[in-house]
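According to my numbering, the sequence shown is numbered sequentially starting from 16.
Have a look at the structure below before the remarks.
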Amino acid sequence: MDLTLTAEQRLLADTVRDLVERECPPEVVREIEKSERGYGDGHWKTLAGLGLTGLLLPEEHGGAGQGVLDLAVVAEQLGWGAMPTPLLTSAVFAAGLIDLAGSAAQRARWLPAIGAGTAIATVAVLEPGARDEWGAPDAALTPHGAGHRLTGTKILVPYAHVADVLVVVVNVVGAQVAGSAPGADAVTPGTDDGAGAGSGRGLVLVDPGAPGVTLRRQHDGGGEPVFEVVLRDVEVTAADLLGASAAADLLAASAAAGAALATALDRMTVASLAYAIGGAQRALDLSVEHARSRRQFGQPIGAFQSVAHRCVDMLTDLEACRYLCYQAAWKLDTPGGPGAADFEVAAAKSFANDAIRRVFVHAHQVHGAIGFSMEHDLQLHSRRGKTFELSYGGSTWHRERVARALHL
16 MDLTLTAEQR
26 LLADTVRDLV
36 ERECPPEVVR
46 EIEKSERGYG
56 DGHWKTLAGL
66 GLTGLLLPEE
76 HGGAGQGVLD
86 LAVVAEQLGW
96 GAMPTPLLTS
106 AVFAAGLIDL
116 AGSAAQRARW
126 LPAIGAGTAI
136 ATVAVLEPGA
146 RDEWGAPDAA
156 LTPHGAGHRL
166 TGTKILVPYA
176 HVADVLVVVV
186 NVVGAQVAGS
196 APGADAVTPG
206 TDDGAGAGSG
216 RGLVLVDPGA
226 PGVTLRRQHD
236 GGGEPVFEVV
246 LRDVEVTAAD
256 LLGASAAADL
266 LAASAAAGAA
276 LATALDRMTV
286 ASLAYAIGGA
296 QRALDLSVEH
306 ARSRRQFGQP
316 IGAFQSVAHR
326 CVDMLTDLEA
336 CRYLCYQAAW
346 KLDTPGGPGA
356 ADFEVAAAKS
366 FANDAIRRVF
376 VHAHQVHGAI
386 GFSMEHDLQL
396 HSRRGKTFEL
406 SYGGSTWHRE
416 RVARALHL
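Printed below as a string of structure tokens:
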């Protein structure tokens with residue numbers, strides 16, 4: 016295993032950094048956060064023009080066919096600039112689910128458009144009261160006449176207001192194992208829970224403008240638009256269920272959904288970690304700059320060991336996070352069976368949840384009161400860092416995954 020970036024990956028990182036510095040300075044980020052759209056249309060077209068919206072997608076559908084490590088390189092630079100963008104939720108999470116679990120017709124319908132940036136997709140997975148994204152869904156897909164009806168509530172769905180399609184994680188009642196309770200099967204990485212026959216889990220394509228779909232704006236402090244999605248008797252055909260083309264395919268599609276969701280969640284966890292690392296790197300850069308320019312008692316505050324040591328601790332945590340992230344990305348790119356990357360992904364996320372929090376605590380201590388003001392750039396990154404910590408599993412959950420991977 017060699018985690019040293021190749022010349023091509025370094026060039027990719029430099030290209031995205033140049034884009035962020037040139038087109039998305041902090042004042043632009045602030046304006047985008049205030050906007051209804053929640054992302055820059057020009058930024059999106061530029062990302063698509065660079066091929067980044069199709070980075071992970073297969074070449075047969077117009078993508079670049081690159082790996083998760085390349086994605087991590089891109090996400091880190093986007094995070095350094097705190098660029099608000101649906102890139103991760105659309106091109107990584109939603110497109111990944113369609114690619115992994117969709118039928119040939121569904122992949123042909125959506126992947127080229129998502130990869131070209133002409134369509135945006137998002138994933139509705141979290142529900143009220145859920146501990147994390149791995150919990151079993153309560154949103155129920157029930158038989159109704161010749162088709163199905165979908166009822167449930169999803170929360171914190173990013174960019175739902177601009178999405179062309181929602182990928183909704185549901186409980187497929189008709190595919191449930193006899194005798195099991197609805198919502199009883201959580202996706203457990205490293206096991207076949209949620210991936211076995213009749214698990215009841217499904218992935219449904221829903222038009223955000225369909226009758227019965229209601230969007231309500233929420234606020235999570237992370238800088239990107241998120242929505243509550245209320246689904247009330249939404250009509251769903253068998254063709255809308257990922258992997259199914261007829262009612263007889265429901266069981267097979269449900270069996271594939273759990274495995275696809277576990278893999279896509281791991282990819283999204285690593286991508287969001289890379290984005291958070293970029294933000295933490297920017298916090299360190301700002302702290303070092305402040306420690307050099309801010310003077311007290313006749314010298315820069317960086318000359319005081321208490322300040323210098325905080326900056327060193329930030330760097331130490333950052334380097335550890337970065338290489339754990341690269342290792343997890345490399346493992347996801349390495350052929351292996353279900354759960355093969357459980358240890359690496361869980362170790363990276365569990366460590367980073369704590370380490371990135373420490374980085375921002377140190378950064379705010381170095382800056383003092385000014386770092387807490389909305390006029391300062393540091394808060395753009397610390398808010399996103401907290402959102403990362405609370406997304407895609409907490410430290411305890413991922414340490415449980417590590418323990419399972421080690422057979423403890």
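Built from N, CA and C at the ideal position, the CB exists for glycine as well.
query, result
"Contacting residues, own chain, Cβ-Cβ under 7 Å from D369 (five flanking each side not counted)", "S410"
"Same chain, Cβ closer than 8 Å to L67, five either side skipped, listed in chain order", "V31, V89, L102, A106"
"Supposed close pair V187, G217 - CB separation, criterion 8 Å", "4 Å"
"Rounded C-alpha distance that separates G383 from H391", "11 Å"
"Alpha-carbon to alpha-carbon, Y407 and P152", "15 Å"
"Any alpha helix (DSSP H) of 4 or more consecutive residues that is wholly inside the segment 343-397", "357-382"
"Bounding residues of the alpha helix (DSSP H) (the contiguous stretch that carries I47)", "41-49"
"Residues that Q314 bridges to, as DSSP identifies them", "Q311"
"Test item: CB-CB of L115 and T278 under 8 Å", "yes"
"Exposure label - P226; buried when at least 16 CB within 10 Å", "exposed"
"Cβ pair V244, V228 closer than 8 Å", "yes"
"Through-space distance from G317 to S308, alpha-carbon basis", "9 Å"
"Assigned exposure category for K364 - 16 Cβ within 10 Å defines buried", "buried"
"Nearest-angstrom Cβ-Cβ length linking V221 and L280, presumed shorter than 8 Å", "Incorrect: roughly 19 Å between the Cβ atoms, too far for contact."
"A128 classed as buried or exposed, judged by whether at least 16 other C-beta atoms fall within 10 angstroms", "buried"
"Cβ distance (whole Å) where P223 is taken to contact A145 below 8 Å", "So it is not a contact: roughly 21 Å between Cβ atoms."
"Proximal residues to L171 (C-beta, below 7 Å), its chain only, five neighbours per side dropped", "L141, Q233, D235, V241"
"A161, DSSP secondary structure in three states", "coil"
"The segment 285-292 contacting the segment 74-94, beta-carbon criterion three pairs below 8 Å", "yes"
"Collapsed DSSP secondary structure at L67 in the structure displayed", "helix"
"D29 - containing beta strand (DSSP E), residue span", "From DSSP, D29 is part of no beta strand (DSSP E) but of the alpha helix (DSSP H) over 22-38."
"Nearest to D85 (by Cα), restricted to the options V177, S302, G273, W345", "W345"
"Own chain, CB closer than 8 Å to C326, minus 5 neighbours either side, in chain order", "L299, S302, V303, A306, G317, H377, V381"
"Residues that DSSP places opposite Q81 in a beta bridge", "Its beta-bridge partners do not exist; DSSP assigns none."
"When S118, G132, G237 are compared against K424, the one with the closest alpha-carbon", "The structure shown does not extend to residue 424, since the chain spans only 16 to 423, so no value can be given for it."
"Backbone CA spacing between L246 and A254 [nearest angstrom]", "18 Å"
"Status (buried if at least 16 other CB within 10 Å, exposed otherwise) for L421", "exposed"
"Nearest candidate by alpha-carbon position, reference A362, set R419, A134, L256", "R419"
"Classification of Y338 by the beta-carbon crowding that lies within 10 angstroms, buried from 16 upward", "exposed"
"Host alpha helix (DSSP H) of T229 (start-end)", "No alpha helix (DSSP H) contains T229, which is instead part of the beta strand (DSSP E) from 228-233."
"Host beta strand (DSSP E) of G217 (start-end)", "216-221"
"Three-way DSSP call (helix, strand, coil) for D248 in this model", "strand"
"When L71, P99, E46 are compared against Y54, the one with the closest alpha-carbon", "P99"
"Buried/exposed call for L26, threshold 16 Cβ in 10 Å", "exposed"
"Cβ neighbour criterion (16 or more within 10 Å) applied to L423", "exposed"
"Buried or exposed by the 16-neighbour rule on C-beta atoms within 10 Å, applied to R416", "buried"
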